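Working notes, structure below.
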Amino acid sequence: MGIPGLPGVAGPPGLPGSFKQKQQSAFSVTRQTSQYPLKNIPVIFNHAITNTNNDYDTTTGKFICRLPGVYYFVFHSSHTANLCVSLLKNQRKMASFCDHKTNSMQVSSGGTLLHLAAADEVWLGVNDYNGMVGIASSDSIFSGFLLFPD
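Residues 23 to 172 (our numbering) make up the sequence shown, in order.
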């Protein structure tokens, strides 16, 4: 076997990647208060951990879709009283999760996939069972991210 030869000429550039790979939307927000949320309005998660494009509004409690596609939403909630959480899309309940308190502090969670169009709104709400808190070492968190852009 002889000595390796010189490197060859560079090839042509590859095909460009999909523009959809560049479309990103993701948020993860926490609720930092010992006060229970008000019923029948969006639960306010007031601290953003991640909020690409600022699609989640920490003052209104709503995620507003800018990039249409399939999204995954999930919450993990610490609660000190009974809790029923609904995930809503444009005022319509898409999923509901209830947990009755049996310990001094409990954690509930739930999630779903939703297909969203531009300007669709998604948020969490509670009813009379509103024991959600966000206190030291017991966070309540709401997250969502775009899986497949249209």
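From the three backbone atoms N, C-alpha and C, an ideal C-beta is built for every residue, glycine too. A quick note: this is a predicted structure, and the numbers were derived from the prediction, not measured.
- Spanning the alpha carbons of G132 and V96 requires a straight line of approximately 6 Å.
- With respect to the C-alpha of A158, the residue from S56, P29 and Q45 having the closest C-alpha is S56.
- Y151 has its alpha-carbon roughly 23 Å from the corresponding atom of F85.
- Note: G166 is bridge-paired with F49 and F95 in the DSSP secondary-structure output.
- Listed in chain order, the non-local C-beta contacts of R53 below 6 Å within the same chain comprise F67, G156 and S162, local neighbours out to five positions each way being set aside.
- Contact annotation, V107 with T80: C-beta distance approximately 18 Å; criterion of less than 8 Å not satisfied.
- Note on K111: 16 or more other CB atoms within 10 angstroms of its CB, so buried under the neighbour-count rule.
- In terms of Cα proximity to A117, the closest of T124, L37 and V144 is V144.
- Take A140, set aside five residues on each side of it, and the residues of its chain with a beta-carbon closer than 7 Å to its own are C87, R88 and P90, in chain order.
- C-alpha of F167 to C-alpha of Y78: approximately 11 Å in a straight line.
- Between S160 and S100, the CB-CB gap stays under 8 Å.
- With fewer than 16 other Cβ atoms from the protein chains shown falling within 10 Å of its own Cβ, P29 counts as exposed.
- Annotation for S126: T102 place their beta carbon closer than 8 Å to its own, counting only its chain and skipping 5 residues before and after.
- Note on geometry: alpha-carbon atoms of N149 and Q45 lie some 35 Å from one another.
- By DSSP's assignment, G132 forms a beta bridge with F97.
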